[in-house]
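Enquirer: Following the working numbering, the numbering of the sequence shown begins with 6 at its first residue and continues without gaps. No residue lacks a Cβ here, since even glycine has one placed at the ideal position from N, Cα and C.
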Amino acid sequence: GLPLEIGIHFDKMSENELAETAPLTRRSLKLLIYQLPRCIPKLLQRMGADASNDINQSDGGDGEEDGSIDGQSIARFIKPEDIAHLMRECPEAACALLDYCSLKPK
């Protein structure tokens, strides 16, 4: 997540550019939940398109590592407080995340 954190911190990229270039990882999703939630819907669109490719499968076991980005894996990764934060800060992002997590695997 370091390049994404730098991109957010130095404010040199638009939200759209950040969402388009963020790594498709659970770590990126978690960072965006708390730093730039408006980017989440576009990131989830990208994740949905790539989830079937089975990318980012390494999981360090601590819940913060990159891992599977399918809806079920994201649903297990996201905590209730993450959803509550999104509901307060960016309801559109919360709805997109809940929709993504409830999609049936292909």
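#1: Verify whether the separation of the beta carbon atoms of residue 13 and residue 41 is less than 7 Å.
#2: For residue 80, tell me which candidate among 27, 93, 99 and 94 has the shortest Cα-Cα distance.
#3: Taking the alpha carbon of residue 32 as the point to measure from, which residue in 108, 89, 103 and 9 has its own alpha carbon closest?
#4: Using DSSP with H/G/I as helix, E/B as strand and the rest coil, what is residue 33?
#5: Please identify the residue among 88, 44 and 90 whose C-alpha is closest to the C-alpha of residue 18.
#6: How should residue 82 be labelled, buried or exposed, when 16 other C-beta atoms within 10 angstroms of its C-beta is the threshold for buried?
#7: Roughly how many angstroms separate the alpha carbons of residue 46 and residue 102, rounded to a whole number?
#8: Determine the contact status of residue 29 and residue 55, defining contact as a CB-CB distance below 7 Å.
#9: Helix, strand or coil for residue 98, going by three-state DSSP, please let me know.
Expert: Answer, in terms of the structure:
#1: Taking the C-beta atoms as reference points, residue 41 is found nearer than 7 Å to residue 13.
#2: Residue 80 has its Cα closest to that of 99, out of 27, 93, 99 and 94.
#3: Scanning 108, 89, 103 and 9 for the CA closest to the CA of residue 32 turns up 9.
#4: Note: residue 33 maps to helix in three-state DSSP.
#5: Taking only the C-alpha atoms, the option nearest residue 18 is 44.
#6: With 16 or more Cβ atoms within 10 Å of its Cβ, residue 82 is classed as buried.
#7: Cα atoms of residue 46 and residue 102: separation of roughly 7 Å, rounded to the nearest angstrom.
#8: A contact, by the Cβ cut-off of 7 Å.
#9: Secondary structure at residue 98: helix, using DSSP grouped into helix, strand and coil.
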